[in-house]
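Protein chains: 4
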Amino acid sequence: MPTLAENHYGKSRVRLVKVVRHPDRHDLHEWNVNVYLTGDFSACFLEGDNTGLLATDTMKNTVYAVARASTAATMEDFALELAAFLSGRNPQATSVRIAIEEKTWIRIKARNTAGEVEKHPSAFLQRSPEVHTTSITFTPSEPPLVVSGVKGLVILKTSHSAFAGFKRDELTTLPDTNDRLFGTEATITWLYSNLPSDCAATRTRIMDTLLTTFANHDSLSVQQTLYAMAEAALAAEPAMSEITLTMPNRHNIPIDFSKFASPFNHSNDNTIFVPTDEPSGHIHARIVR
Amino acid sequence: MPTLAENHYGKSRVRLVKVVRHPDRHDLHEWNVNVYLTGDFSACFLEGDNTGLLATDTMKNTVYAVARASTAATMEDFALELAAFLSGRNPQATSVRIAIEEKTWIRIKARNTAGEVEKHPSAFLQRSPEVHTTSITFTPSEPPLVVSGVKGLVILKTSHSAFAGFKRDELTTLPDTNDRLFGTEATITWLYSNLPSDCAATRTRIMDTLLTTFANHDSLSVQQTLYAMAEAALAAEPAMSEITLTMPNRHNIPIDFSKFASPFNHSNDNTIFVPTDEPSGHIHARIVR
Amino acid sequence: MPTLAENHYGKSRVRLVKVVRHPDRHDLHEWNVNVYLTGDFSACFLEGDNTGLLATDTMKNTVYAVARASTAATMEDFALELAAFLSGRNPQATSVRIAIEEKTWIRIKARNTAGEVEKHPSAFLQRSPEVHTTSITFTPSEPPLVVSGVKGLVILKTSHSAFAGFKRDELTTLPDTNDRLFGTEATITWLYSNLPSDCAATRTRIMDTLLTTFANHDSLSVQQTLYAMAEAALAAEPAMSEITLTMPNRHNIPIDFSKFASPFNHSNDNTIFVPTDEPSGHIHARIVR
Amino acid sequence: MPTLAENHYGKSRVRLVKVVRHPDRHDLHEWNVNVYLTGDFSACFLEGDNTGLLATDTMKNTVYAVARASTAATMEDFALELAAFLSGRNPQATSVRIAIEEKTWIRIKARNTAGEVEKHPSAFLQRSPEVHTTSITFTPSEPPLVVSGVKGLVILKTSHSAFAGFKRDELTTLPDTNDRLFGTEATITWLYSNLPSDCAATRTRIMDTLLTTFANHDSLSVQQTLYAMAEAALAAEPAMSEITLTMPNRHNIPIDFSKFASPFNHSNDNTIFVPTDEPSGHIHARIVR
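This is how it looks when you write it as structure tokens:
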């Protein structure tokens, strides 16, 4: 008889907007919550016995109920609270994992009645393509595993990027270059050895460090810049024990104007590029302290 | 024999990154260009005679060649230049339409060697989900038709939004409300009666007006706010002769906590909502001066 | 004061699965319904007076209620029934438009207890990327305007496709070819002069004609094949008064093996291609009887 | 100094169409190829030394070159050939992984000149939303690891599906049901203990078994059906050593007609449902022999 080697189940894409109504302003959070339970659910798989199974619909309701009562200031704190709540009520689960993606909303800058531009207390604009992420794995009587990060961070540098001296064979057509565009849509996660008291401030500091390093680095390859970003982030945040970066190389290919006829033929002067989504380079590494 | 009642053809999704290399900084533009020609191409359709047909591959090349030589400061200026170029070289086309979408890149704020945060001269971050749009229709010996706008503008207000007193029938279950979330992913276009000298500054002024009105308006319906936004934009920009807004109502549905058992049952206090992409209300209007 | 030049509103993306339970089998329909009302709603836009406004939430409920009672065999019949229902109850609307997209589900071929493969009576597989479409515009005391079609029809022919003899200029780099791949993701709609008694059978006959013509045509250009498809469809279906085809040319670019070093350098033998989504040619025409 | 704990790099989304030109017909394959190399590339990451680095652009070229020469009948065979080729030429890589997704094209059924419907020898229609997948991990002097599967398989059964007797708490609102719709967009992979001589025929047999089991199973839960599918597949194919299924529960929610006023109020008769993409149940398991 086949064996259930591993299993988990849960509810994905539980979307949630939370409005915190202060006297002078509203705060707005938009979270996409995923709940996963791991445990011995073999009676359900093998015999159709649902006795110990918390319905995924109930998980969805639980997300809303916990969110309503929660005073968590960050999604890391909320994820931890939600995981502990579910774990406490469901001893049949050996571990609970909560993964959240957060969309960034900023306040609309609007003119007030005096004609001055100010951040509006209750009107918002969705800002960026990237989302913030966190994943909490909660196992009773163990410290929680907290991995935070960012997804869909689209960045591009137009100088200080070279790629030369790589291995060449009969199928190599890419020329060496000392001046190329370097663009990526990065996915980055880091593991906390202990949860910072203010995860939002920590996140901001980490992101600033990553972006500063990306911007300033004299890049000899995506790999080298990736490692430099990791090194800087680990130096900036003692609570980070490891960091994983996936930085696909979203190529911007210089137009070859030499193939046009006069007067449109030119040598490459690195001004006009075709941005391409595919194929893309794929560079991935995990760097530990 | 069937008649060719209307036709146009061209090249879609010609993507383009332009880097302008100043001594102290780089400027970066990312455009998605679409080129359409209209004319009497019936010999091609009916007989397979391609004599007068400019290949869409050539249109693509033309976009790059014109972009390289261009000094246009805005995508409106570039679109006009490209349309005139193609029209002048292709008298078989009665009109040329150029439509461009622009992604917004902002400079990364990075620490310099002195540790100060400043906007980096050559490293960029893709900012917002929305794209700027323009469409130029160029017909020889006529003024060009210029329609600019924005697409994918995701905005949300958490106060000053009601919806009540609407028509009720046997299938109406929505209660009146004086306090709801009002979210939309707006598509907005405006027609210029004459092209402003600085389309970028004009666009900024129009967007500020639209967002200020959205934020401040005491909304009785999406329709009323849409009209107020249109009215304010027309007042703010004399060169705008009409404005078209499509504002799907992206609903945020309050969770009904009363269906849970004690201690999780509550009356609605307008704090936790489910954001939904579908179904969505669809409100569309064109407002003219 | 600005004028409301045009407006409509409604509910988009009302998704619906209908299961018809016969004694020996179930039938399954999946529709994505869009409801739009046009009329004089200026009191709502200008004054926030919602008195005559049917809430879009009510439209959604109406879709479900009418779907439950309906015995319509095709989505065209259902759209017409829904439009008439809404129009009859909402005289403030001068016209009602219903647009539906239908996903295709086919029966799973499963082995029965005797080990024979047969179409399962109640288990389904989503078949194709394309969706069937219809749009009904209903104005009281006028015949309804019925436009049906298909969207996302991805087709490709590997022979009988040439493109040569087109206009050449200094920016033309595309060589003439007598053997190219011709791929497209077609969007096709046709207007019925009168509604067929069996819209599903008519649709099948039209699609067969379109696909047969695409497959068999000796193509000198996308334009010529598009026209041939239109001509054949108009000949096959007398109830069709016009047909509109948008056939973006999804290019498959032959690999240039000559740029590789020996032993991998070869002249083009038309075997390996890169399929590309962008840029794409864009060919559009409306052909009338 | 931080340590490079793991890394791999490569080229993603190398798209490829291969046309095999037989005298009487063409065969068509569309593959999306991903190439990943693992090895000691720390000189590149830490020092920017690219000496041993095969450029991802060269990997792309290699895909095309190997595809041109290949006579592989299935994507599994091609992936293996490509992995061995790259591994042989790049001893700096300890392992090479090739992952391929295949889109399904079927022949268009067209009328020939005699008016008979037949499968066209060189015109194709993209068939299904699902893609076939394979992943080969090649390590010199070890047997290759071959994992094949399917992604985006959208299936739905309208009978023989119950969900009852699950754990209830204060946040449980889902009623027990003995008749619900059961829909999923399945991702399934299986590990071969040894590579079958005809991977395409083996795939067909596995898929038939999975679909037959899904269709016929008297389901007490997604979990139970998932396990039954796994068990049947393992029984059907001796070369399969394990199978992993992720079957998100794409819910179809019955409309509650009781909330409408007469004459539209009804009790639920399981005919009209709202299909929803989110939130979705998430059921995942790996079953081993």
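Protein chains in written order, with my numbering: chain A, 1167 to 1455; chain B, 1167 to 1455; chain C, 1167 to 1455; chain D, 1167 to 1455.
For each residue, glycine too, the CB sits at the ideal point set by N, CA and C.
Inter-residue Cα distance where the pair is residue i and residue j
| i | j | result |
| --- | --- | --- |
| A/HIS1130 | C/SER1387 | What is shown of chain A runs 1167 to 1455, which leaves residue 1130 of chain A out entirely. |
| C/ALA1250 | C/LEU1220 | 15 Å |
| D/ARG1416 | D/SER1446 | 5 Å |
| A/VAL1440 | B/GLY1315 | 24 Å |
| D/THR1412 | B/THR1228 | 48 Å |
| B/ALA1162 | B/GLU1247 | Lying before the first or after the last residue shown, residue 1162 of chain B is absent from chain B, which here runs from 1167 to 1455. |
| A/THR1410 | B/ALA1276 | 21 Å |
| A/THR1240 | D/ARG1455 | 44 Å |
| C/ILE1419 | C/ASN1434 | 11 Å |
| B/MET1225 | A/ILE1438 | 16 Å |
| B/LEU1203 | B/GLU1172 | 12 Å |
| D/ALA1399 | D/ILE1372 | 6 Å |
| C/TRP1197 | B/MET1167 | 36 Å |
| C/MET1395 | C/THR1379 | 6 Å |
| B/VAL1312 | B/ASP1243 | 10 Å |
| D/ALA1427 | C/ARG1181 | 22 Å |
| A/PRO1309 | A/HIS1174 | 20 Å |
| B/PHE1348 | B/GLU1213 | 54 Å |
| A/THR1222 | A/THR1391 | 42 Å |
Sequence-distant residues of its chain with Cβ nearer than 6 Å to residue i (five each side left out)
| i | result |
| --- | --- |
| C/ALA1265 | ASN1200 and SER1301 |
| C/ASN1344 | ALA1328 |
| C/THR1299 | GLU1267, GLY1315 and LYS1317 |
| A/LEU1319 | GLU1296 and ALA1352 |
| A/SER1407 | LEU1357, SER1359 and ARG1455 |
| D/ALA1245 | ILE1264, ILE1266, THR1300 and ILE1302 |
| C/LEU1170 | SER1208 and PHE1211 |
Chain-order list of residues whose beta-carbon lies under 7 Å from that of residue i (same chain, five-residue window excluded)
| i | result |
| --- | --- |
| B/SER1178 | ASN1200 |
| D/GLY1205 | GLN1258, ALA1259 and THR1260 |
| C/CYS1210 | ASN1216 and LEU1219 |
| A/PRO1362 | THR1368 and ALA1405 |
| D/SER1294 | THR1270 |
| B/ILE1274 | HIS1286, ALA1289, PHE1290 and LEU1291 |
| D/PRO1374 | This sequence places Asp at residue 1374 of chain D; Pro is not what is there. No residues qualify anywhere along the chain. |
| B/PRO1306 | SER1253 |
| D/THR1232 | The question names Thr, yet the displayed sequence has Val at residue 1232 of chain D. Cβ neighbours of D/VAL1232 beyond the five flanking positions: GLU1247, LEU1248 and PHE1251. |
Close-in-space but distant-in-sequence residues of the same chain around residue i (CB under 8 Å, 5 per side omitted)
| i | result |
| --- | --- |
| D/TYR1393 | ALA1451 and ILE1453 |
| A/HIS1448 | THR1412, PRO1414 and ASN1415 |
| B/ALA1381 | LYS1323 |
Inset, instruction - Tell me, please, whether the segment 1174-1190 of chain D touches the segment 1177-1194 of chain B by the rule of three or more beta-carbon pairs shorter than 8 Å. - result: Touching, no, given that fewer than three Cβ pairs across the two stretches are closer than 8 Å.
Inset, instruction - Closer than 9 Å, Cβ to Cβ, to anything on chain C: give me those residues from the segment 1425-1436 of chain A, in chain order. - result: From the segment 1425-1436 of chain A, only LYS1425, PHE1426, ALA1427, SER1428, PRO1429, PHE1430 and ASN1431 have a Cβ closer than 9 Å to chain C.
Legend entry - Runs of beta strand (DSSP E) lying entirely within the segment 1276-1338 of chain A, each at least 3 residues, in chain order: 1283-1304 and 1311-1323
Legend entry - the segment 1398-1409 of chain D / the segment 1355-1368 of chain D touching (three or more Cβ pairs under 8 Å): yes
Inset, instruction - Determine which residues of the segment 1323-1351 of chain B have a Cβ less than 9 Å from any Cβ of chain D, and write them out in chain order. - result: ASP1335, GLU1336, LEU1337, THR1338 and THR1339
Inset, instruction - Counting only runs of 4+ residues fully inside the segment 1350-1428 of chain B, write out the alpha helix (DSSP H) ranges in chain order. - result: Counting only runs of 4 or more, we get 1365-1382 and 1388-1402.
Legend entry - Residues of the segment 1204-1224 of chain D whose Cβ lies closer than 8 Å to any Cβ of chain A, in chain order: PHE1207, CYS1210, PHE1211, LEU1212, GLU1213, GLY1214, ASP1215, ASN1216, THR1217, GLY1218, LEU1219, LEU1220, ALA1221, THR1222, ASP1223 and THR1224
Legend entry - Contact the segment 1328-1342 of chain B vs the segment 1226-1243 of chain A: 3+ CB pairs below 8 Å: Too few Cβ pairs lie closer than 8 Å, so no.
Inset, instruction - Could you please tell me which residues of the segment 1174-1197 of chain A, in chain order, have their CB closer than 7 Å to any CB of chain D? - result: HIS1174, TYR1175, GLY1176, LYS1177, SER1178, ARG1179, VAL1180 and ARG1181
Inset, instruction - Identify each residue in the segment 1366-1379 of chain B for which the Cβ-Cβ distance to at least one residue of chain A is less than 9 Å, and report them in chain order. - result: ASP1374, THR1375, LEU1377, THR1378 and THR1379
Legend entry - Residue ranges of each alpha helix (DSSP H) within the segment 1193-1223 of chain A, 4 or longer: For the segment 1193-1223 of chain A, whole alpha helix (DSSP H) runs of length 4 or above, ordered along the chain, are 1208-1213.
Inset, instruction - Compile a chain-ordered list of the residues in the segment 1309-1324 of chain B whose CB is closer than 7 Å to at least one CB of chain A. - result: VAL1320, ILE1321, LEU1322, LYS1323 and THR1324
Legend entry - Interface positions of the segment 1224-1243 of chain C facing chain B (Cβ-Cβ less than 7 Å), listed along the chain: The residues in question are THR1224, LYS1226, ASN1227, THR1228 and ALA1231.
Legend entry - Proximal residues, the segment 1396-1426 of chain A versus chain D, C-beta separation under 9 Å: ALA1396, GLU1397, LEU1400, ALA1401, GLU1408, ILE1409, THR1410, PRO1414, ASN1415 and HIS1417
Legend entry - Start-end ranges of the alpha helix (DSSP H) lying completely within the segment 1237-1275 of chain B, minimum 4 residues: If only complete runs of 4 or more residues are kept, the segment 1237-1275 of chain B shows the alpha helix (DSSP H) at 1241-1255, in order along the chain.
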